[in-house]
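A.B. asks: My questions will all concern the structure given below.
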Amino acid sequence: MTEQHRLPYIGRFAPSPTGPLHLGSLVAALGSYLQARSHQGRWRLRIEDVDPPREAPGAVRSILKTLEAYGFEWDGPVTYQSQRHALYEDALSRLRDRNCLYACHCSRKIIAETHPGDEPPRYPGTCRNKDLLHEQSTTPRSLRLRTEDTALSFNDLIEGLISHNIYQENGDFILFRRDGFYAYALAVSIDDMQQGITEVVRGNDLLDTTACQIYLIQQLGGTAPGYAHLPVVNNTEGKKLSKQSGAQPLPFTRPAKQLCHALSFLGHSPPPGLAEVTVAEFWQWARQNWQLKQVPTKPINISALPV
Ligand SMILES: [Zn+2]
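Following this note's numbering, the numbering of the sequence shown begins with 455 at its first residue and continues without gaps.
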């Protein structure tokens with residue numbers, strides 16, 4: 455048993471308020487909730503509103519209403535990244551003091567031109583040694599973290615051992631954006647660390663960002679949580695379900711049916727009839743029968759699932 459498992463379990467669900475919850479978000483909420491409850495752990499709810507240009511009006515209210523209707527019970531108050539800027543600023547100043555940060559004037563377009571074909575393009579380190587941080591300038595600039603050219607490994611509870619060289623694969627990544635907002639990588643890492651999250655259960659569309667988050671937490675002297683990346687739900691064209699790809703908002707009628715759908719997607723076999731019960735009865739069955747090891751690494755075709 456590792457040190458991590460002896461800690462009281464604290465999990466979390468952290469939606470971005472870009473639109474109402476859909477089946478893809480329900481899968482992440484359900485997986486993280488059942489994993490926390492099956493460890494007698496706590497489950498925190500965090501609204502990742504760190505990117506105002508992408509926010510949809512009314513989305514926070516809709517997310518909270520939906521989670522309540524589906525019987526999710528979170529521990530403690532809902533946290534909002536928009537109210538945590540002082541923590542992010544403090545982390546940036548600690549990194550700045552240790553010379554781990556540098557300012558970069560390069561636009562996305564310029565970086566894409568120097569690395570055609572890469573998606574997202576790897577940052578080539580153009581401004582690494584320019585010392586723009588202390589220069590008085592009105593040119594928009596981002597802040598990047600200096601990374602090392604070594605592999606970082608972590609054991610994902612679903613995907614297995616992952617080895618990632620951030621410097622080679624991403625380049626020095628952004629912590630503060632040119633448009634004046636904190637980067638997701640910074641906010642999510644600080645929040646997971648500061649809230650004492652012991653295990654992150656989320657969609658595997660975020661697997662590629664995990665090494666950067668672990669690296670940043672280590673740079674700040676923290677202990678990274680464990681990770682379990684769930685398969686993501688794709689639409690019929692094979693694209694990840696999202697507001698942009700036309701995902702339907704979760705209905706308020708028959709929530710147990712949608713919950714059964716999400717649980718089946720995660721490799722479980724709810725008995726016939728569980729789709730018709732109350733949410734309380736659904737959760738009772740789900741908590742007793744949840745096994746992370748049943749979760750597949752490859753997404754299941756949702757049209758093949760029992761309805
Ligand atoms: Zn640059």
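Here a beta-carbon is modelled for each residue, glycine too, at the ideal position from N, C-alpha and C.
Which residue's Cα is closest to the Cα of TYR669: PRO507, GLU602 and ARG582?
C.D. replies: Nearest C-alpha to TYR669: GLU602.
A.B. asks: Taking 9 Å as the threshold (C-beta atoms), are SER470 and ARG656 in contact?
C.D. replies: Cβ distance not < 9 Å, so ARG656 and SER470 don't count as in contact.
A.B. asks: What is the chain-ordered set of residues for which the beta carbon lies under 5 Å from any non-hydrogen atom of ligand 1?
C.D. replies: CYS558, CYS560, THR580 and CYS581
A.B. asks: Indicate the three-state DSSP secondary structure (helix, strand or coil) for LEU674 in the structure shown.
C.D. replies: coil
A.B. asks: Beta-carbon within less than 7 Å of THR751's beta-carbon, same chain only, minus the 5 sequence neighbours each way: which residues are those?
C.D. replies: ILE612, GLU613 and PRO685
A.B. asks: With a 10 Å radius around its C-beta and 16 neighbouring C-beta atoms as the bar for buried, classify PRO709 as buried or exposed.
C.D. replies: By the 10 Å Cβ count, PRO709 comes out buried.
A.B. asks: By the 10 Å Cβ neighbour count, where 16 or more other Cβ atoms means buried, how is GLU457 classified, buried or exposed?
C.D. replies: Because the pLDDT at GLU457 is just 47, under 50, the model does not fix this residue reliably, and the point stays unresolved.
A.B. asks: Taking 9 Å as the cut-off, decide whether the C-beta atoms of TYR524 and GLN712 are in contact.
C.D. replies: yes
A.B. asks: Kindly identify the DSSP beta-bridge partner or partners of PHE467.
C.D. replies: LEU499
A.B. asks: Compare the beta carbon distance of ARG741 and SER547 with 9 Å and say whether it is the shorter of the two.
C.D. replies: no
A.B. asks: If contacts are defined as beta-carbon pairs under 8 Å, then ARG600 and CYS554 qualify, I think. What distance do you get, rounded to the angstrom?
C.D. replies: 5 Å
A.B. asks: Could you tell me which uninterrupted alpha helix (DSSP H) segments, each at least 4 residues in length, are contained entirely in the segment 492 to 553, listed from first to last along the chain?
C.D. replies: 513 to 523 and 539 to 551
A.B. asks: For LYS653, is the classification buried or exposed, using 16 other Cβ atoms within 10 angstroms of its Cβ as the cut-off for buried?
C.D. replies: It should be pointed out that residue 653 corresponds to Glu in this sequence rather than to Lys. Buried.
A.B. asks: Does DSSP classify GLY485 as helix, strand or coil?
C.D. replies: Of the three classes helix, strand and coil, the one that applies to GLY485 here is helix, per DSSP.
A.B. asks: When the distance is taken between beta carbons, is ARG466 closer than 9 Å to ARG500?
C.D. replies: yes
A.B. asks: Kindly indicate which residue of ARG498, SER643 and SER591 has the alpha-carbon position closest to the one of ALA545.
C.D. replies: Measuring from the Cα of ALA545, the nearest candidate turns out to be SER643.
A.B. asks: Classify ASP633 as buried or exposed, calling it buried when 16 or more other Cβ atoms lie within 10 Å of its own Cβ.
C.D. replies: Looking at its Cβ environment, which holds fewer than 16 other Cβ atoms inside 10 Å, ASP633 is exposed.
A.B. asks: How is LEU713 classed by DSSP in three states: helix, strand or coil?
C.D. replies: helix
A.B. asks: What does DSSP give as the partner residue(s) for VAL655 in the beta ladder?
C.D. replies: Paired residues: ALA682.
A.B. asks: Just checking ALA716 against ligand 2 - is the residue's beta carbon closer than 8 Å to any of the ligand's heavy atoms?
C.D. replies: Ligand 2 is absent from the structure shown, which contains only ligand 1.
A.B. asks: CA-CA distance, VAL749 and SER617?
C.D. replies: 21 Å
A.B. asks: Going by the beta-carbon positions, is the gap between LEU674 and LEU477 smaller than 9 Å?
C.D. replies: Between LEU674 and LEU477, the CB-CB gap reaches or exceeds 9 Å.
A.B. asks: Helix, strand or coil for PRO462 per DSSP?
C.D. replies: coil
A.B. asks: Give the C-beta separation of VAL514 and ALA641 to the nearest angstrom, bearing in mind that I take them to be a contact with Cβ-Cβ under 8 Å.
C.D. replies: Rounded, the Cβ-Cβ distance is 16 Å, inconsistent with contact.
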